[in-house]
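Start counting the sequence shown at 0; every next residue gets the next number (numbering that gives the first Met the number 0).
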Amino acid sequence: MQDTLLIELLTEELPPKSLNTLGQVFASGIFEELKKRGFVADGGFTAYATPRRLAVSVEGVQDRQPDQNLTRKGPAVAAGFDAEGKPTPALAGFAKSCGTDVAALEKHSDGKAEFFAFRSTRAGEQLEQHLAGIVEGVLKKLPIPKMMRWGDSDVQFVRPVHGLVMLHGDRIVPGEVLGLSSGNKTLGHRFLSKGEILVSRADQYEQALQEQGSVIAGFDRRMDAIKAGLEQAAGEAVLAEHEALLPEVAALVEYPAVYAGNFNPEFLKVPQECLILSMQQHQKYFPLLDKGGKLLPRFLLVSNLKTADPSHIIHGNERVLRARLSDAKFFFEQDQKTRLDARVEKLGNVVYHNRLGTQLERVNRIRKLAGEIARRLSASAELAERAGYLCKADLLTDMVGEFPELQGIMGQYYALHDGERDEVAHAIEAHYHPRFAGDALPQDNIGAAVALADKLDTLVGIYGIGLVPTGDKDPFGLRRHALGVLRILAESSLPLDLVQLLQQAKSLFPAEMLADSVAVDVHGFMLERLKNYLRDKDFAPDEIEAVVGQAPTRIDLVVPRLEAVRAFRKMPEAAALAAANKRIQNILKKTAAPVGQVDIALLQEDAEKALFAAVNELAPGVVSWVGNGGYTEALTALAGVRAEVDTFFDKVMVMAEEPLLRNNRLALLKSLGELMNQVADISKLAA
């Protein structure tokens with residue numbers, strides 16, 4: 000019999016931040032195990048997860064496995080009988096172990112040799128013989144960092160478990176999981192449900208929970224209900240960024256209801272970032288903004304209790320929020336009593352890393368490097384150094400101590416309050432950017448200088464003491480810092496040499512502290528990150544290898560070169576020139592002979608003379624175009640040499656027996672290869 004299978008584990012409140020993951024892993028694990036054992040073919044499954052339950056329904060589950068045809072492999076046919084034609088002990092023993100006689104065995108071949116085999120049919124087993132074991136096995140594999148026990152039993156799970164439903168169609172599948180026997184009854188909402196809920200059929204589970212138990216079992220359905228409620232309650236206002244908060248709130252409620260509350264506009268004197276973070280992080284509220292992005296003295300909350308008169312819920316939450324915002328206001332006012340520059344020296348008491356010194360030592364390195372970068376960008380070194388000096392001072396403020404996410408943001412507010420220049424204040428906030436993929440970049444060269452200095456100091460320092468990221472472990476965020484540097488250089492088109500920046504950053508550390516090769520090593524590490532960055536921009540792997548394989552140091556020129564390569568490969572001459580370039584490089588790799596300049600007097604064949612003339616004619620223009628960023632023009636010009644290249648390889652024996660001729664032709668190929676690879680190594684382009 001084929002029908003829907005329902006499994007539900009009723010628990011106490013599960014960890015909200017991992018609830019959706021637990022639900023998905025639980026459901027997919029059950030489905031895969033059922034499929035592996037033949038109880039389901041290609042049917043679908045639905046995962047359910049609420050604060051008090053993990054559940055899954057699987058369609059098209061059989062109550063019995065199909066019969067299984069088995070073939071057991073035995074001894075080789077050649078070793079099956081002795082010289083007298085009697086079964087050998089090996090063959091006789093094999094037949095006995097199979098519970099049959101030698102005559103019942105069959106001969107099979109695997110393509111290499113013949114062997115004896117025994118065929119049998121194993122009857123499929125009932126669902127109840129497997130289901131409890133499947134559920135127990137999947138529960139043990141859930142990503143749960145810490146288990147707990149309850150009562151006087153030895154049973155363990157992330158939270159105490161109080162109920163088990165295992166229902167196939169309308170039939171209870173008998174079994175025991177975590178000390179609980181299966182049934183067909185569950186509980187609904189803690190307060191809105193009227194009591195025990197009988198699930199009469201597995202495919203009616205979701206409907207029964209909602210209608211009788213006031214529970215929306217599907218995680219995504221609950222999120223959609225919250226979204227719709229928030230949008231309706233917001234009216235003309237705009238919800239502050241809340242994508243990260245939604246799943247956490249959906250994991251806290253089983254039947255969401257959205258209500259609106261207010262707070263005293265007096266709190267709006269505090270920077271709105273502080274208020275928004277306090278509301279979202281501590282209270283799981285949804286702040287409201289006006290259309291200009293300014294915080295309103297209103298917020299939305301998602302309750303687990305739907306009631307006709309929610310006034311007591313709203314007022315209670317308003318009281319709690321008032322206390323939270325009062326704390327934020329107090330921190331802000333206290334912090335403003337001490338200037339940022341008065342805090343800097345105290346960073347000497349804060350360890351940055353036990354092998355790299357204090358935060359004060361780090362600040363002094365950032366300050367010097369920021370000033371040097373600003374000079375290279377023709378920006379104010381004085382302002383960049385001032386911003387670099389102050390950029391970590393807000394780490395010692397009460398507000399950042401309470402909300403570490405506000406570092407940099409609070410530094411900007413406090414710098415403006417202290418009377419620092421706008422450029423300095425903005426650079427303090429901008430130097431953490433980009434914080435994540437797609438985040439905004441510093442908007443001016445002073446901010447970019449401090450941001451680069453901060454990230455380069457981290458990269459060189461941490462990498463230089465051997466703390467290199469491995470696998471998915473990157474505790475110091477070096478991959479993120481590397482991508483930040485690359486994005487600033489590339490997307491802001493900053494004409495800076497990356498290796499020079501890395502060497503400058505290294506020079507600011509005490510001698511012998513870092514590995515000598517750290518600048519080269521970090522450059523290589525960053526080029527690997529650059530490849531990932533460029534793949535996300537839809538450049539082809541061979542295009543990326545053609546440019547990044549040349550180990551560029553001017554990151555601002557990489558994308559323009561790639562765009563030129565992409566345009567070049569569409570030309571009819573591209574494939575032939577790429578193949579010729581590859582041939583040239585292979586020839587040069589195989590010869591140990593010295594290769595110098597081309598001697599015109601040694602050019603004998605018309606084809607090599609024509610190629611030499613073409614190279615000489617093209618070289619000045621190509622070099623000029625490349626020097627001025629005309630990469631597409633340079634590659635387009637190179638396409639014009641295809642005929643001479645083809646004729647050269649058809650008519651000229653490069654590896655001539657006479658050494659002078661051979662070396663001269665190699666020199667010609669070398670000059671051609673260097674010219675062709677001015678923009679990129681086009682030999683890397685696939686046909």
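The beta-carbon is built from N, C-alpha and C at its ideal position, and this holds for glycine as well.
- Here DSSP, grouped into helix, strand and coil, assigns Arg338 to coil.
- Counting of Cβ neighbours within 10 angstroms places Thr120 among the exposed residues, the total staying below 16.
- Boundaries for Thr99: no beta strand (DSSP E) harbours it, and the DSSP string shows neither H nor E there.
- Collapsing the DSSP output to three states places Leu300 in a strand.
- When DSSP states are grouped into helix, strand and coil, Glu58 belongs to the strand group.
- The beta carbon of Met0 sits closer than 6 Å to those of Asp62, all from its chain and outside the five residues before and after it, given in chain order.
- Taking all protein chains in view, the Cβ of Lys293 is surrounded by fewer than 16 other Cβ atoms within 10 Å, so the residue is classified as exposed.
- Remark: three or more beta-carbon pairs, one from each stretch, lie closer than 8 Å, so the stretch 0-11 and the stretch 161-169 are flagged as touching.
- By a beta-carbon distance limit of 8 Å, Leu451 contacts Ile372. Their separation comes to about 6 Å.
- Taking the CA atoms as reference points, Asn580 sits about 7 Å from Ile681.
- Runs of the beta strand (DSSP E) lying entirely within the stretch 487-516 and spanning at least 3 residues: none are present.
- Residue range 160-167 is occupied by the beta strand (DSSP E) that includes Val160.
- Scanning Arg534, Leu497, Ala510, Leu507 for the CA closest to the CA of Asp520 turns up Leu497.
- Within the same chain, Pro270 come within 7 Å of Tyr412 by CB-CB distance, once the 5 residues on both sides are set aside.
- Beta-carbon to beta-carbon, Leu526 and Ala550 are separated by about 6 Å, close enough to satisfy the 8 Å threshold.
- Using a 10 angstroms sphere on the CB of Asn348, the tally of other CB atoms stays under 16, which defines it as exposed.
- If you check the CB distance, Phe266 and Leu191 do not come in under 7 Å.
- For His352, the enclosing beta strand (DSSP E) has its first and last residue at 350-352.
- Below 8 Å, enough C-beta pairs join the stretch 130-150 and the stretch 30-39 to call them touching: three or more.
- The beta carbon of Lys106 lies closer than 7 Å to those of Val76, Glu113, Phe115 in the same chain, with the five residues before and after it left out.
- No Cβ-Cβ contact shorter than 7 Å links Ile225 with Val154.
- For the pair Glu562 and Thr631, the Cα-to-Cα distance works out to about 8 Å.
- Closest in C-alpha terms to Leu488, from the list Gly446, Val252, Pro173, comes Gly446.
- Between Phe331 and the set Leu501, Ile312, Met398, Ala307, the nearest pair of CA atoms involves Met398.
- Leu610 has its alpha-carbon roughly 17 Å from the corresponding atom of Gln584.
- Annotated as proximal: Phe93 and Gly73, with beta-carbon spacing under 7 Å.
- If you look at Gly73, you'll find it in the beta strand (DSSP E) that goes 67-75.
- Contact between His416 and Gln335 holds: their C-beta atoms lie close to 5 Å from each other, under 8 Å.
- At least 7 Å separates the beta-carbon of Ala201 from that of Gly178.
- In the three-state reduction of the DSSP assignment, Arg366 falls in the helix class.
- Under DSSP, Phe44 forms a beta bridge with Val57.
- When Leu13, Val55, Val101, Ser27 are compared, the shortest CA-CA separation from Pro144 is found for Leu13.
- Residue range 540-547 is occupied by the alpha helix (DSSP H) that includes Val547.
- Going by beta carbons, Ala606 and Phe567 fall outside the 7 Å limit.
- Rounded to whole angstroms, Glu124 and Ile29 show a C-alpha spacing of 17 Å.
- The three-state secondary structure of Arg565, taken from DSSP, is helix.
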